[in-house]
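Novice:
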Amino acid sequence: MESVKLDGESNAGFIVTAMRGEIARRQAEGSGENPLVSSLDALAKVEQIGIKAAEEIGQLVAVAREELQRRKAKESE
Numbered sequence: 000m001e002s003v004k005l006d007g008e009s010n011a012g013f014i015v016t017a018m019r020g021e022i023a024r025r026q027a028e029g030s031g032e033n034p035l036v037s038s039l040d041a042l043a044k045v046e047q048i049g050i051k052a053a054e055e056i057g058q059l060v061a062v063a064r065e066e067l068q069r070r071k072a073k074e075s076e
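Residue numbers for the sequence shown follow numbering that gives the first Met the number 0, beginning at 0 and rising by one.
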């Protein structure tokens with residue numbers, strides 16, 4: 000993913016753009032599904048992915064914060 004993201008583009012921005020492209024591709028493909036329902040399903044999936052990504056990013060930040068505090072405490076000993 001990192002190799003195809005634009006400079007300065009966030010992971011979330013990349014995922015949203017990719018999902019929009021996939022929605023458009025599937026609609027143009029004529030899968031026989033109602034395009035509105037398909038789009039709504041895709042948006043719901045984006046929401047789920049975004050929520051999970053936010054939770055995981057929060058966990059990473061917490062780990063980084065704890066490690067930083069641990070290292071700072073070790074330095075001041």
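Note that the Cβ used here is the ideal one computed from N, Cα and C, for glycine as well.
Taking 7 Å as the cut-off, decide whether the C-beta atoms of Ile22 and Ala43 are in contact.
Specialist: In this structure, Ala43 does not lie closer than 7 Å to Ile22 by Cβ.
Novice: Which residues in the same chain as Asn10 place their Cβ atom closer than 8 Å to its Cβ, once the five residues preceding and following it in sequence are excluded?
Specialist: Met0, Lys4 and Ala52, listed in sequence order.
Novice: Of the residues Arg64, Ala63, Lys71 and Gly49, which one's Cα is nearest the Cα of Val15?
Specialist: If we check each option's Cα against that of Val15, Gly49 comes out closest.
Novice: Are the CB atoms of Met18 and Val45 within a distance shorter than 7 Å?
Specialist: A contact, by the Cβ cut-off of 7 Å.
Novice: For Gly20, report the span of its alpha helix (DSSP H) as first-last.
Specialist: It spans Asn10 to Glu28 - the alpha helix (DSSP H) in which Gly20 sits, taken as one unbroken run.
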